[in-house]
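Asker: Letter by letter, the sequence shown follows residues 1 to 149 in full-length UniProt numbering.
For glycine and all other residues, C-beta sits at the position ideal for the given N, C-alpha and C.
Remember, it's a predicted structure, so these values are computed and weren't measured experimentally.
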Amino acid sequence: MKIQLKVNEIDKVFDVEPGEMLADVLNRYKYTVRRGCDTGSCGLCTILLNGKPITSCSYLAVRAGGHSITTIDGVQEKAKEIGEFLVAEGVDQCGYCSPGFVMNVIAMEKELKNPTEEEINHYLVGNLCRCSGYVGHLRALKKYLGVSE
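#1: Excluding the 5 residues preceding and the 5 following threonine 55 in the sequence, name in chain order all residues of the same chain whose CB lies nearer than 7 Å to its CB.
#2: How about methionine 21 and serine 58: are their beta carbons less than 8 Å apart?
#3: According to DSSP, is serine 58 part of a helix, a strand, or is it coil?
#4: Going by DSSP, name the residue or residues bridged to valine 13.
#5: Spatial neighbours of histidine 67 within its chain, please: C-beta separation below 8 Å, excluding the five flanking residues on both sides.
#6: When you compare only the Cα positions, how much space is there between tyrosine 96 and arginine 34?
#7: Once the 5 residues before and after leucine 138 are set aside, which same chain residues still bring their CB inside 8 Å of it?
#8: Identify every residue that forms a DSSP beta bridge with serine 68.
#9: What does DSSP give as the partner residues of lysine 52 in its beta bridges?
#10: Would you please state the rounded distance, in angstroms, between the beta carbons of isoleucine 3 and valine 62? I believe it to be under 8 Å.
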């Protein structure tokens with residue numbers, strides 16, 4: 001079946017199978033979506049659906065029809081900016097988790113103004129990073145967001 005999506009601000013039509021997950025479709029059409037757990041619990045495959053973060057490995061592609069999708073490919077400048085803060089705090093080691101992490105940060109930044117440490121941690125919970133602890137991530141995000149200690 002065919003579904004219409006707006007991906008990174010461009011209208012697209014995709015062929016999808018009824019039970020196919022959105023991450024699989026996006027990868028097939030050459031969008032960058034990382035894979036990890038295939039259960040929606042590691043956050044590697046996070047994209048934005050109408051500006052809200054979702055785990056695309058556990059989201060049926062047909063449900064996305066008619067909606068707007070943003071992948072890491074569509075936010076390269078913002079990703080670079082966030083990445084510089086992560087690197088400065090030494091948390092971007094292998095980088096595999098970075099796209100999903102960045103997508104959650106972008107959503108958090110739009111949703112929350114002057115977030116508390118607890119609110120920032122809420123957004124970190126869904127992102128698995130096996131290289132480092134989350135103390136550095138929190139430090140980097142606080143600096144990026146201009147949150148005072």
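Answerer: Based on what the coordinates show:
#1: Gly40, Gly43, Cys45, Thr46
#2: yes
#3: In the three-state reduction of the DSSP assignment, serine 58 falls in the helix class, which pools H, G and I.
#4: Gln4
#5: Leu5, Lys6, Leu49, Asn50
#6: Here the alpha carbon of tyrosine 96 sits roughly 8 Å from the alpha carbon of arginine 34.
#7: Glu117, Ile120, Asn121, Leu124
#8: Lys6
#9: Lysine 52 pairs with Leu49.
#10: Going by Cβ atoms, the distance from isoleucine 3 to valine 62 rounds to 6 Å, so yes, they are a contact pair.
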